[in-house]
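Shown next, in structure tokens, is the structure this report addresses.
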Amino acid sequence: MSEVIATNQTILVVGGGIAGMTAALEAAECGKQVILVEKNPSVGGRVGQLYKYFPKLCHPKCGLEINLRRMKANRNLRLLTMTEVTAVTGEAGNYQVSLRTQPRYVTENCTACGECARAVEAEFDNEHNFGLGKRKGAYLPYSLAYPMRYVLDPRIIGTDDATRAKEACKYDAIDLDMQPQETQITVGAIIWATGWRPYDAARIQPYGYDRFANVITSVEFERMADPHGPTGGKLLRPSDGKEAKNVAFIQCAGSRDRNHLKHCSRICCMATLKQTTYLRDKYGDDFKASVYYIDIRAIDRIDDFYQKVRADENVSFIKSKVASITEDRETGNPVLNGVDTEGYHRYSNPHDLVVLAIGMEPSVPAGEFPVDVVLNEEGFVQQDEANGAFFAAGCSSDALDVNRAVQNATASALRAIQVVNRVAGTEV
Amino acid sequence: MSDYNQQMIEQFRGNFLKEVESNVEEGEWVKMCMQCGVCSGSCPFGPHWAHPPQEIFMMIREGEREQVLTSDSMWMCTSCYNCIVRCPRGLPITHIMHGLATYAKRLGLAPKEQPTAKFAQLFWDNLTKTGRVNELKLGLALYFMNGFSEGIKTSLKMKDIGLGMWKTKRLNPMEMVGGHSCKDTKGLQAILAKAQEIEDAKIGRSGA
Amino acid sequence: MSEAKIGAYICKGCGLGDRLDTSQLVTIAEREGKAAIAREHDFLCSEAGVQMIRDDIANEGVNRVVIAACSRRAKTDAFDFDGVCINRTNLREGVIWVRPDTDEDRETTQEMAADYVRMGCAEIKHMNPPTPNEKTDASSRILVVGGGISGMTAALEAARAGYPVTLVEKSGQLGGVAAELVKRVPERAPYADPEDTGVAALAAEIEANELIEVCLNSTLARTSGAPGCFSADIATESGTTRTENFGAIIQASGFKPYDASQLPELGYGKTPDVVDQMGLEALVRAAGDGPVKRPSDGKEVERVLFVQCAGQRSQKEGHLPYCSGHCCLTSIKQAMYFKDRNRDIDTEILYTDLRTPGAPGEDFYRSGQQKGITFVKGVVEDVASSGNGAKVKYKDIILDETIERDVDLVVLATGMVPNSGVDIEAVSAPNVEGAEDDAGDNGGDSVEIPVESILNLTYRQGKDIPQLKYGFTDSHFICFPYESRRTGIYATGPVRRPMDMMSAIEDATGAALKAIQAVENAKLGRAAHPRSGDLSFPSFRKEGCTQCKRCTVECPFGAIDEDEQRYPQFNESRCRRCGTCMGACPVRVISFENYSVDTVGQQIKNVDIPDEFDEKPRILVLACENDAYPALDMAAQSGQQYSQWARVIPVRCLGSVNTIWVTDALNSGYDGVVLMGCQKGENYQCHFVKGSEMAHYRMSKIDDTLSQLNLEKERVATYEVAITDIERAPGLINEMAETIDKIGMSPFKF
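Protein chains in written order, with our numbering: chain A, 870 to 1297; chain B, 28 to 235; chain C, 375 to 1124.
Printed below as a string of structure tokens:
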């Protein structure tokens, strides 16, 4: 890695998802020096794993491409992938930050020609697809990965595969001796955009995510719908590979629940409404979607999307928190048990597939922040003077949809700029 | 209807939610229900309830006092605790159900011929006598709960099981006479009497 | 500008050397491409390869660099040279990766590569490095229109970053709607109780801030100019007007509460005891610390019913089709006004979907329940009143019963109606054929508008910023919420989208950043999103212009005005560099330094067209560089193949495609033309809003040209292609190849 130059007028952005990218770009395009660190080998975060956005049903990759182009064109912005913040000391306007960069084993020489992946035999669960399907031990995280450079899975280091990868590379881009690197930098402000992760569905025991093959999460369903996902865009039951045409969506899977996440994750209702359209897209009139919900939260202008889905005769809405899921051994059908609270009808409904509209929890749990930060009970970062120049952006501040995460990230970029401008004593 | 019932009606003037909050054990939780229905769906006896828990909570909010208190629904609860475990708001639903049942009984509104209610009374009477449950007497009392001929029929039907239990020393026929008791039966009675006194005083207060 | 000197560099890496005869490509670059220097390299993006190019730039005076290697989307950081034009001839993703590696395909693969090298050299010959048009005198002052929470926040946040601000407020005081509230929904954990609105504190801070100037009782009489040099006439109520310059504008004109008198079915108007949310705020304010009294007879309120979604989320005539987002939380807050005074007051909230999102929302909901607010999923059936209080009949959806309630007060949660000024698209479109009025003043030739304009822009396309839906001036982009269609003017707060106060504060802070960014971009002459940093800029040859106004009408960003003689007047910092004007121009007088009718036209011309009997058709593919082109790239990456006859040219936006390219291509013997742009229409994905739509419209007229040329109309196909169409995009090219197979080669091969 070439030297990282940063001063107390530099803004550090932690996390390269949509919020972090936005905060970094917006600040850089105001003329500020920005360092963006991302833990994974590529930026893009959760947005890179989405097939479509609600309510427009457009493709997240489209905006990602624009943002990547903005990044490539901006010399104020320095990206460090596979890098995490390990410690922060100091105060607003003058933070000392320790970074640790994990070895990628692939240098900037990489042309993304793909020869190493062809040479390597070992395969691992594909994390981009939430473990549905495999990827090679030398891989490009996904089609739009940036930096567009391969990465070697640390698990192949020291094996013959590693040697094969190295030998396959004509550009001397593989360095098997790469070590973790520690870097110290000084920055003026920190934007914390570490985002969210899906709640662990297995912990919702009555739903049997860990027991029934045909109970999956919304994020997995999203990968399935993607033509470049693990099933090539087919909506298939994991148990037998049959097309899933009668699909149940369970809302508040982990959210609004003291036993799991206390907060409402905001996005899940809209995500489910969106996912019902995938069924219509794939099967025309030959599908059935059942949405089990408590409140449908299609907030503000985009309520019209809910009205549109509601008008779809193949989509039904059942006001009920599903009590439990059992499995019909013979068919592999998950059976949903509960009560439709509107008039108290008990049901035991078999479906081909159950999609848990899984809640979002902060990626970084309380207690694992590199610096003292004011959090709310739910573990989201509060805007608080006590945080100094440490500003949350996106889902580290609350459960947000992409639009609001971007809006919030843009605001955070300004808050950081205010600090570094103060440091610089800038008179405009 | 009891005076106590009349007193409560007058005191709370149609605000049944408030009445429940004041007079029913854990009643202050009723307002926290968010109408998801997971309790009703989780109840193994669910199909037998006229009004499952969530509906009862909603009825309380809507002030449907009579319907709630005379209902046999709360008496259906077997304390399996499925609802409590699953309730996203952490409502102690089982306790609320028992609280409502107790309250209904106190008001004299509990259904008269409800078997669970009857059993509960039998159990209580049996237990408080000696401080130990006399299973033989309890069992027989249960058989004869609905009349003599029914009792004989049930007893005959169960006789093989009874004999089996005797053989394996799970049942002692000598229990028919006296039966075992706790060390200080009198002390126990005193405790219970005191508890009753406190309870009565509480009702008296809330009724004042 | 010194004379163009082309250096062409052919990479042999990534299999290019194995699959292609690169020395032939070098020869082509030299002989046909007129490259002064042409070299091949084993590994062009390596340090040595890049150094070779740098040396040629430094020592040989190369100022036009053709890099024939991988896609322009790869290795951008390696091939990043200052002060020269760069062409990325795409031989990897564009040629060898989409063609099979077989002996029989070798010839056509080589021809493809050769054509791309010709095209690369032809393009660069006509490119000039853009000269930044720096505006050192650009104003940094930010104009904020509206003094509500959003406007005040935007002003303060911009000032905190060191930028001077002028805040214009129509009324006599700051605070907007928020000033009329007793308290606000909490913004801080534990989100349990209503908080102070913060209006007074904000107003005090604004007053104390030297960088902020506040103009009360003021409106904008006229706004002209562009980012960095806006000029606004600020008119006061007293009749004085002064003109000031601004770098950027934030429109925070807020909302009006929905007119509840349109809801007689909910009892509004039947009794004063049915109020809307603002009405309740007034009642509570009037009550001070004492009990809240009902308006009809002053009786203390003991029972109050809140009706959510009143006249909202409804397709009924006169109702709002959307959800206003804040009302559930607001009703909870208002019920707390009662509960916090006296817990014995009955407060019931009637809702269909309770919308209290995130951690703050759900915590506040729970706190409301804790305080004894009752929530009922239900719908009002009737509200009757004999004057005092009301009898409300509603259907309890959970119990499936109709319930009747006597209440002292009914509060209707009505929605927000944005204050977005004139709907310029509803106003009859100005006559292109030449109206008599002063073209610089669009207000004159449009129909009379009953709505007052907020900005009074002198823009040729209208007085206010375009609205998106339901009157909101929101951006259409999920990823880019601030992108209005007027560069340097950012809408924020409830005028942009229905939102609560907490969101408005975040939103306004973000808008302040965008305004600051617009100022900084204007200073450097850089484009704003999505071509951020682009220094190129359209200019036109006045002598060729026929004053047809197509450019001024079609510019998606309203960047082009008209001067007194109806010539287009380009406003550089308003321009987003999409080239839609260039595509629109029938006489082709509009061009950018590095993107013009020639840079593309010459690529088309320089493709080798084999004669008819070679049976080697040529398909011109004009692909949007934002979506279709990356889709083709990723198709290549994932092993898809497409026809060897295709010659793909990326364009900034399909809207920049001038029909002359298509007719020239057909005239010069191309057998088919495929155009790939982004989705248009209501859910448009075109990054330049209307570019793709314009292109589709123009191409719908191409049939005439085809029939004049006696060509089958299947030879030109226009598609909407998404970035994810990795299989479909190559498929469309192959379809055209099949079509040509069927209908035969073009007769225009000379």
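Every residue, glycine too, gets a C-beta built ideally from N, C-alpha and C.
On a predicted model such as this, the values are computed, not experimentally measured, just so you know.
* Leaving out the 5 sequence neighbours to the left and right, which residues in its chain are closer than 8 Å to Asn968 (chain C) when beta-carbon positions are compared? -> Cys459, Met501, Asn502, Pro503, Pro504, Ser910
* Nearest to Gln1176 (chain A) (by Cα), restricted to the options C:Glu579, C:Tyr696, C:Asn1108 -> C:Tyr696
* To do: Inspect the beta-carbon positions of Thr952 (chain A) and Val906 (chain A) and report whether they are closer than 8 Å.
  => yes
* To do: Under 7 Å between beta-carbons, which chain A residues line up against Met1126 (chain C)? List them in chain order, please.
  => Coverage of chain C is limited to positions 375 through 1124, which leaves residue 1126 (chain C) absent and any answer about it impossible.
* Under 7 Å (Cβ pairs) to chain C, residues found in the stretch 970 to 986 of chain A -> Asn978, Thr980, Ala981, Cys982
* Asked: Which of the three DSSP states, helix, strand or coil, is assigned to Met1152 (chain C)?
  -> Outside the shown range of chain C, which is 375 to 1124, sits residue 1152 (chain C), and nothing can be said about it.
* Asked: Using a C-beta cutoff of 8 Å, does His364 (chain C) count as contacting chain A?
  -> Shown here, chain C extends from 375 to 1124; a query on residue 364 (chain C) therefore has no answer.
* Of all the residues that make up the stretch 63 to 74 of chain B, which are near chain E by a beta-carbon distance shorter than 7 Å? -> Going by chain labels, chain E is absent from the structure shown, which instead holds the protein chains A, B and C.
* Starting from Phe1090 (chain A) and walking both ways along the alpha helix (DSSP H), at which residues does that stretch end? -> 1087 to 1094
* **Which of helix, strand or coil DSSP assigns to Phe846 (chain C)** => strand
* With 7 Å as the limit, tell me which residues of the stretch 106 to 117 of chain B have their beta carbon closer than that to any beta carbon of chain A; keep them in chain order. => Arg113, Pro115, Arg116, Gly117
* Using the C-alpha atoms, what's the distance from Glu554 (chain C) back to Pro873 (chain C)? -> Contrary to the premise, residue 873 (chain C) reads as Met rather than Pro in this sequence. Roughly 17 Å separates the two Cα atoms.
* **Same chain, Cβ closer than 8 Å to Glu1196 (chain A), neighbours up to 5 away in sequence not counted** => Gly1077, Arg1080, Phe1081, Asn1083, Asn1202, Pro1203, Val1204
* Over the uninterrupted beta strand (DSSP E) stretch that includes Thr483 (chain C), give me the two end residues. => First-last for Thr483 (chain C): 477 to 499, but that is the alpha helix (DSSP H), not the beta strand (DSSP E).
* With 16 other Cβ atoms within 10 Å as the buried cut-off, status of Gly664 (chain C) -> exposed
* Asked: Residues of chain C with a CB under 9 Å from the CB of Tyr922 (chain A): which are they?
  -> Ile852, Cys853
* So what's Thr952 (chain A) in DSSP terms, helix, strand or just coil? -> strand
* In terms of residues, what are the limits of the beta strand (DSSP E) holding Thr121 (chain B)? -> Here Thr121 (chain B) belongs to no beta strand (DSSP E); instead the alpha helix (DSSP H) covers 120 to 134.
* **Partner residues on chain C for Leu127 (chain B), Cβ-Cβ distance less than 9 Å** => Residues of chain C passing the Cβ test: none, with the nearest at roughly 17 Å.
* Contained beta strand (DSSP E) runs [length at least 3] in the stretch 572 to 638 of chain C, N- to C-terminal order -> 586 to 589, 592 to 598, 604 to 610, 615 to 620, 622 to 625, 629 to 631
* Go ahead and pull the three-state DSSP assignment for Ser1193 (chain A). => strand
* Asked: Cα separation between Glu91 (chain B) and Asp994 (chain A)?
  -> 56 Å
* Buried or exposed for Asp811 (chain C), please, with buried defined as at least 16 other CB atoms from any protein chain shown within 10 angstroms of its CB. => Interpretation of Asp811 (chain C) is limited by its pLDDT of 42, a score under 50 that renders its predicted location unreliable; no figure is taken from the coordinates.
* If the cut is a Cβ gap below 8 Å, which residues of chain A does Pro79 (chain B) touch? -> Val1208, Tyr1213
* **Nearest residue (CA-CA) to Gly672 (chain C), options C:Asp456, C:Val927, C:Val658** => C:Val658
* Would the beta-carbon of Lys1114 (chain A) fall within 8 Å of that of Asp1155 (chain A)? -> yes
* Residues of the stretch 38 to 62 of chain B whose Cβ lies closer than 7 Å to any Cβ of chain A, in chain order -> Met61, Gln62
* To do: Could you check which residue in A:Pro1239, A:Ile1119, A:Asp1241 has the C-alpha nearest to that of Asn1218 (chain A)?
  => A:Ile1119
* Asked: Smallest Cα separation from Cys60 (chain B): which of B:Gln141, B:Ile123, B:Tyr130, B:Ala228?
  -> B:Ile123
* Asked: Are Leu988 (chain A) and Ala1042 (chain A) closer than 8 Å when you measure CB to CB?
  -> Looking at the sequence itself, residue 988 (chain A) is Ala, so the reference to Leu does not match. No, Cβ-Cβ distance for Ala988 (chain A) and Ala1042 (chain A) is not below 8 Å.
* Asked: For Glu579 (chain C), is the beta carbon positioned less than 7 Å from some heavy atom of the ligand NAP?
  -> Absent from the structure shown: the ligand NAP. Ligands present: none.
* Within this structure, are the beta carbons of Gly389 (chain C) and Tyr1040 (chain A) separated by less than 8 Å? -> no
* Asked: Can you round the beta-carbon distance between Ala733 (chain C) and Glu1247 (chain A) to whole angstroms, since I take them to be within the 8 Å contact cut?
  -> 4 Å
* In terms of residues, what are the limits of the beta strand (DSSP E) holding Gly1051 (chain C)? -> 1046 to 1051
* Asked: When the Cα of Ala1111 (chain C) is compared with those of C:Met710, C:Asp714, C:Ser794, C:Arg1089, which residue comes out closest?
  -> C:Arg1089
* To do: Within its chain, find whatever has a CB closer than 6 Å to the CB of Gly435 (chain C); leave out the 5 residues flanking it on each side and keep chain order.
  => Lys379
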